[in-house]
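Note sheet for the following structure.
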Amino acid sequence: MEAVGVAPAPVAAAVKKKLLDLKDPFPTAAAENGAKASPAGKWAMKKKLVGGDAGYVLEDVPHLTDYLPELPTFPNPLQDNPAYSVVKQYFVNPDDTVTQKIVVHKTSARGTHFRRAGPRQRVYFQSDEVNAAIVTCGGLCPGLNTVVRELVCGLYDMYGVTSVVGIEGGYKGFYSKNTIPLTPKSVNDIHKRGGTILGTSRGGHDTAKIVDCLQDRGINQVYIIGGDGTQKGASVIYEEVRRRGLKCSVVGVPKTIDNDIAVIDKSFGFDTAVEEAQRAINAAHVEAESAENGIGVVKLMGRNSGFIAMYATLASRDVDCCLIPESPFYLEGKGGLLEFIERRLKDNGHMVIVVAEGAGQDLIAKSMNFVDTQDASGNKLLLDVGLWLSQKIKDHFKKKPNFPITLKYIDPTYMIRAVKSNASDNVYCTLLAHSALHGAMAGYTGFTVAPVNGRHAYIPFYVSRGPYVQIEPGYCNTNCPGGSETWTIFVFAEDHREAEQGGDHGPDVGEGAVLDEPALLPEPRGRGEHEA
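All residue numbers for the sequence shown refer to my numbering, where the first residue is 510 and numbers rise by one.
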């Protein structure tokens, strides 16, 4: 497999996190995800920073007592629950934090930390006063039902809460539909299904109407499950709740099958997506191998980042070429993709190409004079790179009558995102849900919950809304002669064009050159700024 992309210079393979730009956390939060402006839009969520010795910084999350200082506290009901009596030994110390940067040297500053997730000894809600609401927004993703189930069961079983409702159809369900009563019995088996029992939609965010609904129905805990646009909407809801002085915890559970959310280790549903993507790749490989000059093209999810395409490619070992949004490519000429395909077919007689949905969008738009448009969540609408690429390959080989090909195009996108979550994601979703409800009961608000370096933490909305995490452009290929597996870097595309024009790119490397420096298999999430 040769991972095809652009590397500006020979670099070892790694997964890199873009630096977070926190100067203006919510410049357009109300406008994105279809949100209408509200009085809360007049101010942005302020950073709550706590400094310490040796460069220690805590990116703290808001707390209800920040604007309701007289709130009473109560003993955590877990202390009196026989089923959870052991929890007493494991209550989280209020001063526990999780570090964002784990690889340091002796002169490194202590760096940024986040508040550790988990149950506290004191809580800010009594069991009988809690009225919780759960909503799912955006696209489908494996694990949605598991998160809903574990939120409901956790609130009932751990904290004795008996009033939990589901909001139908995403954000607009707050003001346009009835709520669904949720109990442990009604959600008992939903984790065995794909999709979401609550329904979902994009857009429909009207901040004032949503908070009016929370206020009118007495909802004081709201759990919002969704991706980037959804979390932007959640941040605006928090702002309006705070402006009105309501005792209501607003909690986000980040969801994106693309696995591109800043700071966090990974998003739920990703493991399932990679596992399911194998089925499509296997089918493409069988089709390609069974035909003369067979080509299998598989399009996978990945709007801004190619994590699913990359991990599925690395896991499969049957893929010859992987195209991702992070790495621009070109078709024609020396070192182009079409030349590579032709060479691979001559060598092997068949090949498999995996392409992320966000790859090559600039090429398609240029060839079609396409003007950017957006969906209801504010996401850029993508052109079908799989169909476009397949047609370009067919057109190229039509000009070579002595080189017939058989091409099969497979798009498993909706099949992958609609399946039930696998065992790994089920466990992960359970931990996310429990961490979220522990935070809400402890009075925290305006945060999203996720693991950072293997430890669950409470992360302010503005941090998780940082730039999309992307793969370092310049990674590796395998399947060396003789069956040995040596990781190397494959430099492709614009490097060669510029080199031919006399550009200075350091060491002279030829087309498809194997560099001396070995590349590394990316870490499970590898939020690159862990490195000192």
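Glycine included, C-beta positions come from ideal geometry on N, C-alpha and C.
Fair warning: this is a prediction, and the values are worked out from it, not measured in the lab.
Just to confirm before moving on: does the CB-CB distance between residue i and residue j stay below 7 Å?
i, j, result
"Cys938", "Val656", "yes"
"Gly468", "Ala865", "Not covered by the structure: residue 468. The range shown for the chain is 510 to 1041."
"Tyr633", "Gly952", "yes"
"Lys490", "Gly895", "As displayed, the chain neither begins before 510 nor continues past 1041, which places residue 490 out of reach and without an answer."
"Gly703", "Ala927", "yes"
"Gly652", "Asp934", "yes"
"Ala868", "Pro834", "yes"
"Cys831", "Ala818", "yes"
"Lys718", "Tyr680", "no"
"Leu573", "Leu567", "no"
"Val607", "Arg964", "yes"
"Ala626", "Val731", "no"
"Ile734", "Lys764", "yes"
"Ala945", "Val696", "no"
"Gly778", "Cys650", "yes"
"Thr692", "Ala800", "no"
"Ser814", "Gln979", "yes"
Going by CA-CA distance only, name the one from the options that's closest to residue i.
i, options, result
"Val795", "Gly648, Tyr918, Ala932 and Asp637", "Tyr918"
"His947", "Glu677, Leu892, Val670 and Asn687", "Val670"
"Glu677", "Thr922, Thr688 and Lys557", "Thr688"
"Asp769", "Phe816, Ser758 and Ala786", "Phe816"
"Gly803", "Leu832, Gln787, Pro960 and Lys903", "Lys903"
"Leu587", "Arg629, Pro834 and His614", "Arg629"
"Ile611", "Gly620, Asp604 and Asp605", "Gly620"
"Tyr967", "Arg753, Val760, Ser836 and Ile925", "Val760"
"Ile773", "Tyr977, Lys556, Lys557 and Asp562", "Tyr977"
"Asn931", "Ala786, Asp827, Val863 and Asn602", "Ala786"
"Gln900", "Ile873, Gln635, Thr645 and Tyr668", "Ile873"
"Arg826", "Glu851, Lys843, Ile862 and Phe838", "Ile862"
"Lys908", "Leu664, Asp605, Glu851 and Asn813", "Glu851"
"Phe623", "Glu638, Ala563, Pro584 and Lys557", "Lys557"
"Thr705", "Ala821, Ser814, Gln979 and Asn654", "Asn654"
"Val639", "Ser776, Leu940 and Ser758", "Ser758"
"Met667", "Leu854, Gly648, Gln635 and Thr645", "Gln635"
"Ser710", "Tyr565, Gly648, Tyr820 and Leu664", "Gly648"
"Glu784", "Asp605, Asp637 and Pro921", "Pro921"
"Asp604", "Tyr565, Phe583 and Ala782", "Tyr565"
"Pro578", "Pro910, Arg751 and Lys855", "Arg751"
In the DSSP assignment, the beta strand (DSSP E) including residue i goes from what residue to what residue?
i, result
"Ser758", "Ser758 to Pro763"
"Ala966", "Arg964 to Pro969"
"Phe956", "Phe956 to Val961"
"Thr688", "Thr688 to Pro690"
"Thr915", "Thr915 to Ile919"
"Gly948", "That residue, Gly948, is in no beta strand (DSSP E); its alpha helix (DSSP H) goes Ala932 to Met950."
"Tyr680", "Segment: none, Tyr680 is in no beta strand (DSSP E) and carries neither H nor E."
"Leu573", "No beta strand (DSSP E) holds Leu573; DSSP gives it neither H nor E."
"Leu823", "It is not in any beta strand (DSSP E) - Leu823 instead sits in the alpha helix (DSSP H) that spans Phe816 to Ser825."
"Val559", "Lys557 to Gly560"
In the DSSP assignment, find the alpha helix (DSSP H) that holds residue i and state where it starts and stops.
i, result
"Ile850", "Leu846 to Asn857"
"Lys808", "Lys808 -> not in any alpha helix (DSSP H); beta strand (DSSP E) instead, spanning Gly803 to Leu809."
"Leu872", "Gln870 to Met877"
"Lys907", "Val894 to Lys907"
"Glu785", "Phe779 to Glu798"
"Tyr923", "Thr922 to Arg926"
Quick one: what's residue i bridged to in DSSP?
i, result
"Phe838", "Answer is none; Phe838 lacks a bridge partner."
"Met860", "Ile804"
"Ile865", "Note on identity: in this sequence residue 865 is Ala, with Ile being the wrong assignment. Answer is Leu809, bridged to Ala865."
"Phe583", "Val632"
"Val566", "Gly560 and Thr621"
"Tyr953", "His572"
"Val673", "Ala641"
Run the proximity test for residue i: is its beta-carbon closer than 6 Å to any non-hydrogen atom belonging to the ligand ZN?
i, result
"His859", "You won't find the ligand ZN in this model; it holds no ligand whatsoever."
Could you check whether the Cβ of residue i sits closer than 7 Å to any Cβ belonging to chain D?
i, result
"Asp769", "In summary, chain D is missing from the structure at hand, where a single protein chain is found."
Those runs of the beta strand (DSSP E) which lie wholly inside the stretch 587-653 and span at least 3 residues: List check, beta strand (DSSP E) in window: 606-608, 620-625 and 641-645.
Length-filtered (3 minimum) beta strand (DSSP E) runs lying within the stretch 721-760: Qualifying beta strand (DSSP E) stretches, in chain order: 730-735.
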